[in-house]
Structures are given as structure tokens and as C-alpha cells.
């Protein structure tokens, strides 16, 4: 059963959806080697975004993740720790 589920995933198109400054961004089959900072600078021309330590230690590449909680009727900002 697991193998059939995995094989079905390979056949489906991959779409990454996120918002930047209120604008919806949808990327078909995103390149897993392209970081968010590279995408922001090269594709959206948001050059104010800087890369500092390239390791995630300094916090310059921090992003805020949010979602709308329909039950509480408010935007939630979960704490998420990146994994290196």
C-alpha cells in the first residue's frame, strides 16, 4: 500500500504556493536546490533581502509563517524551528 501511494505522488505535479507581501506565488515543480532567499532576489527582485552567514545562525534569513485558523477566526503564527 505504501509503495502505490509513493508511485502516485511521482505522477502528480508539484506546486509550491506561498505569499510574499500579500501577493500569491505559485511555482510549478520547484527546484529543491533554490533557497527562498535566492528566489526572492532573482525571481521577485526583492534585493533588500540579504544573505549573511549562509548557515541560519545569524537570523538574517528568518521568515514568518502564518495561517488563518477558522475556528478561532484569527491569523496564527506557529513557532517552527528549522532543521539543518
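Numbering (the UniProt record's numbering), first residue to last: 1 to 84. Quick reminder that beta carbons are idealized off the backbone N, C-alpha and C, glycines included.
One or two residues paired with residue i in a DSSP bridge
i, result
"residue 76", "67"
"residue 19", "24"
Boundaries of the alpha helix (DSSP H) in which residue i is found, first to last residue
i, result
"residue 38", "36-42"
Residue i - containing beta strand (DSSP E), residue span
i, result
"residue 23", "23-28"
Nearest neighbour of residue i, chosen from the options [CA to CA]
i, options, result
"residue 63", "45, 43, 51", "51"
"residue 20", "45, 70, 34", "45"
"residue 54", "71, 42, 35", "35"
Under 8 Å between C-beta atoms of residue i and residue j
i, j, result
"residue 88", "residue 30", "Since the displayed the chain opens at 1 and closes at 84, residue 88 lies outside it and no answer follows."
"residue 49", "residue 37", "yes"
"residue 65", "residue 75", "no"
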